[in-house]
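Here's the structure, in structure tokens; my notes come after.
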Amino acid sequence: MIYDIIVVGNGLAAQTFLFELFNDVKKSQNFSVAQIFSEEIAPSCSLRTLATVSLSGIEEGISDLGNELYSSFFMFEEFVNKHAPQGIERVEQIVSYTTPKEKGKMERRYKKLHVLTDPLFKEEFEGVRLNSYITSPEIYSSWFDEKINNHKIDRIKNFVNNVNVNDEGIVECTLLSGKKILARKILLCTGAYSKIFSDFYETPTILKEKTHSVAGSFLERSIDLNRPSFFVVIDGLKLVYRSEEKLLTLGVSSTQGAFLSVDFNELNSALDFFHQKLNLSLGTLSDFKVKTGLRHKGIQRRPFYAALHEDKPIYLISGLYKNGFTFAHLTAREMLKNIL
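Here the sequence shown is numbered in this note's numbering, starting from 15 and rising by one per residue.
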């Protein structure tokens, strides 16, 4: 069998693309699709992240990245309002600072700061309040899986270790077992593995040399704080509590490279920092699990969503970096235009 398209991956980029594809019934009703992924060998970052979405003072017309973030936020919000996916919660984000450098960053981004009080904070502080979203990654992913499973799609749990286009222009996707899956087009939603396994996918030199794998680590623990969900950012450090799951997450520590080891001193310092600023008993480092996701940092932090080569039907969505939950719908919709 020759599929119309193979989608590699089952993180947010892949799931959102498949959702958007099947949401357009006219285009997808006679479209044959295979999805190939391996959480064992190439675990998706989407399940290993703090997963927040916010406009964060971004405006149009400043930069290409800013324009993409601005459009993406409202696409995400439109999606949430229309489909009411599980695992998404609207919250008020509180952003503050403790150093002149961080104050300068905030003034440039938000223009005007306000003196605020909040029961979470030990004392009065200066900052902003923002309408934002927090996400339960596993619940959100399961919701997507349920929607995708309602459609005709062959889902293959295996690892892709080579992609080639034969003389007839057909994509040959070779699995770890040696079996080949054929398609007219292939979409790689491979996150940091676009960099790590770049030789498998005939990745252009500029993407090999100018993009980076970055490990993002954070702390997570189950705890009943007996209060509603909250989202606090101080000096760029995030603290998120999801009351429905009674789950607290804190971080992030970033390390350039595909490393799963973490900087425990940095994470412990972040925990101590929040203890000093907030009226919360968060526990000690030993109470938390450390989770790490591998992210793909694109050129100038921008996402990549295009064909890898002008003359080959190999497409890539990657470089979502820290904005995967924001960028997913923009990249999926633009890629649908390219592929269909």
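C-beta: ideal position from N, C-alpha, C; glycine also.
Other residues of its chain near residue i: CB distance less than 7 Å, five sequence neighbours each side excluded
i	result
L127	M120, E121, E140, G141, V142
L83	I72, N337, T340
M349	F31, L201, Y319, Y329, I331
N176	T188, F214
S85	L344
K203	Strictly speaking, residue 203 in this sequence is Cys, with Lys absent from that position. Excluding residues within five positions, the ones whose Cβ falls inside 7 Å are V21, V22, G23, G25, A27, A28, F31, I331.
S60	G25, L26, P151, S155, G338
Rounded straight-line distance, which links the Cα of residue j to that of residue i
i	j	result
I195	V174	10 Å
S243	V67	14 Å
G265	E116	17 Å
S283	A56	30 Å
V109	S191	49 Å
R241	P327	51 Å
F93	Y335	21 Å
Y111	L292	13 Å
L354	F288	48 Å
F245	G25	23 Å
Y154	T63	12 Å
K222	A229	17 Å
M89	H97	12 Å
W157	S46	22 Å
P218	L322	7 Å
D286	L253	12 Å
S146	D38	28 Å
E53	K224	26 Å
V304	S267	10 Å
I313	T269	17 Å
E324	D181	16 Å
Anticipated Cβ contact below 8 Å, residue i with residue j, distance rounded
i	j	result
I170	I50	5 Å
G101	T149	6 Å
S231	V276	4 Å
S58	G80	Between G80 and S58 the Cβ distance is about 26 Å, and since that is not below 8 Å, they are no contact.
L239	L294	7 Å
R235	F302	4 Å
Sequence-distant residues of the same chain with beta carbon closer than 6 Å to residue i, five excluded per side
i	result
A346	T30, F31, E34
I237	L262
L251	A284
V179	V185, K326
K124	Note that residue 124 is Tyr in the sequence shown here, rather than Lys. For Y124, where only same-chain residues beyond five positions count, the Cβ hits under 6 Å are G71, V142.
M15	none
Among the options, the one whose alpha carbon lies nearest that of residue i
i	options	result
D78	S212, R315, Y329	R315
L130	Q107, P327, E152	Q107
V21	K260, I167, T225	I167
G205	Y215, D159, R198	Y215
R198	S146, G183, S208	G183
A27	P133, D159, N172	D159
T113	L322, I248, L299, E103	I248
E152	I16, A65, S146	A65
Y255	L61, E53, R104, I16	R104
Y207	E137, Y17, H310	H310
K260	L296, L281, E280, N164	L296
For residue i: DSSP bridge partner residues
i	result
K252	V247, G265
D168	A48
G307	G230
T188	N176, K194
S68	S146
G141	S110, H128
H289	Its beta-bridge partners do not exist; DSSP assigns none.
E6	Nothing can be reported for residue 6, as the shown portion of the chain is limited to 15 through 354.
I19	V47, K199
A320	L330
F93	F93 is not bridged to any residue.
S236	L261
F135	L292
Q314	DSSP, once it has assigned bridges, lists no residue as partnering Q314.
Q270	V228
Cβ-based neighbour list, residue i, same chain, cut-off 8 Å, excluding 5 preceding and 5 following
i	result
P317	E82, I331, S332, G333, L334, Y335, N337, F341, L344, T345
F278	L299, V304
S17	A small fix is needed here, since residue 17 is Tyr in this sequence, not Ser. Within the same chain, Y17 has close Cβ partners S46, V47, A48, D168, I195, L196, A197, R198.
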